[in-house]
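First residue of the sequence shown: 89, per the numbering used here; consecutive thereafter.
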Amino acid sequence: MNSPNGFFQKLVNLEGRNFSLSIQKFDNGYFISVAEGSNKIGSMVASIATGPTPITTTIIPSRTESLFLKLVSERISTRMRGIALVSAFIQKELEPNTAKDLMSEIMEMIENE
Numbered sequence: 089m090n091s092p093n094g095f096f097q098k099l100v101n102l103e104g105r106n107f108s109l110s111i112q113k114f115d116n117g118y119f120i121s122v123a124e125g126s127n128k129i130g131s132m133v134a135s136i137a138t139g140p141t142p143i144t145t146t147i148i149p150s151r152t153e154s155l156f157l158k159l160v161s162e163r164i165s166t167r168m169r170g171i172a173l174v175s176a177f178i179q180k181e182l183e184p185n186t187a188k189d190l191m192s193e194i195m196e197m198i199e200n201e
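As structure tokens, this is what we get:
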């Protein structure tokens with residue numbers, strides 16, 4: 089999983105659904121891609137945490153997973169005091185447990201890099 093160029097990728101099967109998690113680490117932030125099925129760019133959110141609370145903006149709106157995107161982006165930007173760009177191509181709405189498990193997988197990848 090460790091990579092000299094800061095790129096990490098993992099395939100995860102949750103409740104019969106396959107997700108590809110890709111993370112690119114930079115000195116001042118992360119780019120995270122969550123893709124179900126096809127490896128596509130989906131809805132996108134950016135957060136920056138330089139003060140007490142992160143500032144978040146939507147780049148590409150999501151029909152269903154805007155809260156998941158915002159939570160992932162803000163949690164990562166706050167953790168590293170930098171920028172987080174998160175993209176999610178999700179085919180159907182995430183169940184709460186699936187979203188929680190995806191968040192855990194992403195945070196584990198970042199913490200173990």
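Note that beta-carbon positions come from the ideal geometry of N, C-alpha and C, so glycine has one too. From a predicted model like this one, the values you see are computed outputs, not experimental measurements.
Assuming residue i is part of the beta strand (DSSP E), what are its boundary residues?
i	result
residue 101	95-102
residue 205	An answer regarding residue 205 cannot be provided, because it is not within the stretch 89 to 201 covered by the chain.
residue 173	171-177
Do you know whose CA, among the options, lies nearest residue i's CA?
i	options	result
residue 157	143, 176, 171 and 94	176
residue 106	125, 181 and 149	125
residue 152	135, 131 and 172	131
residue 112	136, 171 and 190	171
For residue i, which of helix, strand or coil comes out of DSSP?
i	result
residue 124	strand
residue 136	strand
How many Å lie between residue i and residue j at the Cα?
i	j	result
residue 89	residue 98	The predicted model places residue 89 with a pLDDT of 49, which falls under 50 and marks its position as unreliable; any figure quoted below should be read in that light. Spanning the two alpha carbons is a distance of roughly 8 Å.
residue 169	residue 134	13 Å
residue 141	residue 180	30 Å
residue 197	residue 96	8 Å
residue 43	residue 104	As displayed, the chain neither begins before 89 nor continues past 201, which places residue 43 out of reach and without an answer.
residue 100	residue 139	33 Å
residue 174	residue 160	7 Å
residue 120	residue 184	20 Å
Over the uninterrupted alpha helix (DSSP H) stretch that includes residue i, give me the two end residues.
i	result
residue 163	154-168
residue 186	184-199
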